[in-house]
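The block underneath contains the structure these notes are about, expressed in structure tokens.
Numbering (my numbering), first residue to last: 4 to 197.
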């Protein structure tokens with residue numbers, strides 16, 4: 004178990020559950036850049052690829068960590084932007100951009116449902132943030148509109164599968180259903196491919 008694990012407070016966990024006999028947790032930006040570099044290098048040596056470590060440590064990106072039994076075994080880096088309309092303005096358009104810059108799970112931890120849990124948790128977290136902003140705006144009589152773009156460049160079939168699960172969670176689960184019940188008009192663009 005990594006010593007860093009013991010510094011995580013329960014409030015830092017986006018999700019905590021068990022899969023079989025393993026404890027699984029998901030956090031946002033709790034590890035150092037040095038730790039990230041080490042993890043990316045480990046993944047690159049396993050897969051014989053060269054993920055760019057810079058995309059995981061740039062300050063403009065949000066980084067999420069996947070923990071199993073107290074060890075970080077996966078990373079996701081995204082660029083998330085939500086432009087909200089002015090309260091006094093008649094404009095009702097919320098513009099959301101989510102760029103999935105990179106995701107990986109170490110080889111030993113694949114095929115256990117962790118990718119699904121990772122995608123579902125982070126998409127739910129973002130979906131909740133979007134809903135919160137819409138609710139803050141909702142006292143206006145105009146019906147909000149949400150124009151959402153998800154961008155990803157696939158490097159593998161696993162990455163493509165992750166993006167599909169992520170998009171599904173963002174658009175069709177929990178908080179997305181709540182947005183629809185508020186009458187929010189949504190438009191989704193998926194800009195992804197090899």
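Ideal Cβ placement from N, Cα and C applies to all residues, glycine included.
From which residue to which residue does the alpha helix (DSSP H) around residue i run?
i: residue 180; result: 177-184
i: residue 77; result: Residue 77 -> not in any alpha helix (DSSP H); beta strand (DSSP E) instead, spanning 74-86.
i: residue 57; result: 57-60
Return the residue from the list the options that minimises the CA-CA distance to residue i.
i: residue 63; options: 46, 14, 82, 69; result: 82
i: residue 2; options: 77, 25, 95, 74; result: Look at the range of the chain in this structure, 4 to 197, and you will see that residue 2 is not part of it.
i: residue 59; options: 42, 194, 52, 74; result: 42
i: residue 180; options: 133, 192, 156; result: 133
i: residue 39; options: 157, 105, 123; result: 105
i: residue 2; options: 113, 112, 111, 35; result: There is simply no residue 2 to check, as the chain begins at 4 and stops at 197 in what is shown.
i: residue 33; options: 12, 26, 112, 135; result: 12
i: residue 75; options: 148, 164, 112, 156; result: 112
i: residue 139; options: 15, 159, 88; result: 88
i: residue 100; options: 16, 171, 182, 155; result: 155
i: residue 158; options: 47, 178, 14; result: 47
i: residue 164; options: 130, 149, 182, 195; result: 195
i: residue 55; options: 73, 79, 72; result: 79
i: residue 135; options: 182, 172, 14; result: 182
i: residue 77; options: 172, 45, 86; result: 45
i: residue 49; options: 110, 15, 17, 73; result: 110
i: residue 148; options: 19, 85, 160; result: 85
How far does the beta strand (DSSP E) with residue i in it reach, from first residue to last?
i: residue 98; result: 96-108
i: residue 89; result: From DSSP, residue 89 is part of no beta strand (DSSP E); its letter is neither H nor E.
i: residue 118; result: Premise fails: residue 118 lies in the alpha helix (DSSP H), 117-140, not in any beta strand (DSSP E).
i: residue 15; result: Here residue 15 belongs to no beta strand (DSSP E), and DSSP marks it neither H nor E.
i: residue 30; result: 25-31
i: residue 68; result: 65-71
Pull the bridge partners of residue i from the DSSP assignment, please.
i: residue 46; result: Residue 46 is not bridged to any residue.
i: residue 152; result: 100, 192
i: residue 21; result: 26
Return yes when the Cβ of residue j is within less than 8 angstroms of the Cβ of residue i, no when it is not.
i: residue 146; j: residue 190; result: no
i: residue 117; j: residue 108; result: yes
i: residue 98; j: residue 176; result: no
i: residue 123; j: residue 151; result: no
i: residue 21; j: residue 70; result: no
i: residue 103; j: residue 52; result: no
i: residue 153; j: residue 185; result: no
i: residue 27; j: residue 67; result: no
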